[in-house]
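Take full-length UniProt numbering: the last position of the sequence shown gets the number 276, and nothing is skipped along the way. By construction, the Cβ of each residue, glycine as well, lies at the ideal position given by its N, Cα and C atoms. Presented below is the structure to which this report refers.
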Amino acid sequence: MNERDAETDEATATTDVDDEQTAAAEGDEQTAAAEGDEQTAAAEGDEPTAETEDGENGDQSDEAAASDTTSLGVGVVTIATDRAIGNDIAGETIITALKKESHEIVVREHLETEHDQVQSTVSRLLDRDDIDLIVTGGATSVEPDDITIEAVEPLLEKELSAFSELFTALAYEEVGTRIIAARTLAGVADGIPVFCLPGNEAAVRLGLEEIILPEAHHLIGLARGPDDEDEPSAEPEGDEPEAEEAETDAGESDSTDDERNTDRDDNETEAENGGE
């Protein structure tokens, strides 16, 4: 009987060990499964963030692309004595280049080489709300009646000297040292870029296609600056809660005074009753 009992105890112990191992294995599987679920959930949680970031970047790219393709209102002024608006090749080249980029020609004028007339015309264009860019062509060299630069320069608030340097460098590759006689001018006035180009077809095309048109939107954005939407109000909103708190404190103080007066009256009444 003792041997049978011993065998039975051993079998029972073996069964208990197997059960414990099985339970441990099942616990490990459950833990691994739980960890796997957590990792999956974390990975799924990260995906919307990536989509959001892509969406934001996409919106910013779309805004930048839209700003670079917006049609600009342009004022075109040509200055020459030896030709009229009908046979002004430089003026036609300017207009063709602008329309090719879908910009609108708001004003097109042709003037004689007269200083005050050129200055007053450009000044009038600067006062218009529908003008984003001004381009002039002609009368910029060193001949006696080349007065465009002298007429326009006083109107500028800030001069863009890099334009003339870049134009000279690019033109030198085409005409060599003869570029020394060519003068150009660029600057900003009232948030509007103004460019004064020579009056020949090649110079106009070079200035517009290589410099002005690629940088027009960017330059206009810089010249106008951010919108003034966050102007401080006359009465800051932050002061109103403080005023309300002051009124609340005053009300609480009045209530406290009333309670004290009531207590004082009760005490006096009790004292009188006691005296009687």
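For a quick check, are the C-beta atoms of residue i and residue j less than 7 Å apart?
{"i": "I89", "j": "V76", "result": "no"}
{"i": "D190", "j": "L133", "result": "no"}
{"i": "A151", "j": "V107", "result": "no"}
{"i": "I147", "j": "T140", "result": "no"}
{"i": "F167", "j": "G138", "result": "no"}
{"i": "L219", "j": "P193", "result": "yes"}
{"i": "C196", "j": "T113", "result": "no"}
{"i": "L213", "j": "E143", "result": "no"}
{"i": "E210", "j": "L170", "result": "yes"}
{"i": "H217", "j": "D68", "result": "yes"}
{"i": "A181", "j": "P198", "result": "no"}
Identify, in the order they occur along the chain, each residue of the same chain with its Cβ nearer than 7 Å to the Cβ of residue i, setting aside the five sequence neighbours on each side.
{"i": "H103", "result": "S71, L72, V74"}
{"i": "H110", "result": "T78, A84, I85, D88, G91"}
{"i": "Y172", "result": "I179"}
{"i": "T40", "result": "Any reading at T40 must be qualified, since the residue scores a pLDDT of 49, below 50, and its modelled position is unreliable; the value itself is stated next. Taken in chain order, the list of residues that qualify is empty."}
{"i": "N200", "result": "A90"}
Between residue i and the rest of its own chain, which residues show a CB-CB distance below 8 Å, the 5 nearest in sequence each way excluded?
{"i": "E153", "result": "E159, L185, G187"}
{"i": "R178", "result": "none"}
{"i": "D145", "result": "T81, T113, A139"}
{"i": "I131", "result": "G73, V74, G75, V106, V107, L125, I192"}
{"i": "S123", "result": "L155"}
{"i": "T121", "result": "V77, E109, L111"}
{"i": "P226", "result": "none"}
Below 8 Å on the Cβ atoms is my contact criterion, and I expect residue i with residue j to pass it. Report the Cβ-Cβ distance as a whole number of Å.
{"i": "R202", "j": "E174", "result": "Looking at the sequence provided, one finds Ala at residue 202 rather than Arg. Rounded, the Cβ-Cβ distance is 7 Å, consistent with contact."}
{"i": "A97", "j": "R205", "result": "7 Å"}
Using a Cβ cut-off of 7 Å (strictly closer), state whether residue i contacts chain C.
{"i": "I134", "result": "Annotation note: the requested chain C is absent from the structure, which comprises a single protein chain."}
In chain order, what residues of the same chain have a beta carbon less than 6 Å from the beta carbon of residue i, not counting five sequence neighbours either side?
{"i": "F163", "result": "A186"}
>> For the stretch 181-195 against the stretch 152-164, do three or more pairs of beta-carbon atoms, one drawn from each stretch, fall closer than 8 Å, so that the two count as touching?
In response: yes
>> For a minimum of 3 consecutive residues, which ranges assigned as the beta strand (DSSP E) are wholly contained in the stretch 137-213?
In response: 185-189, 192-197
>> At 3 residues or longer, what runs of the beta strand (DSSP E) sit wholly inside the stretch 75-136?
In response: 104-111
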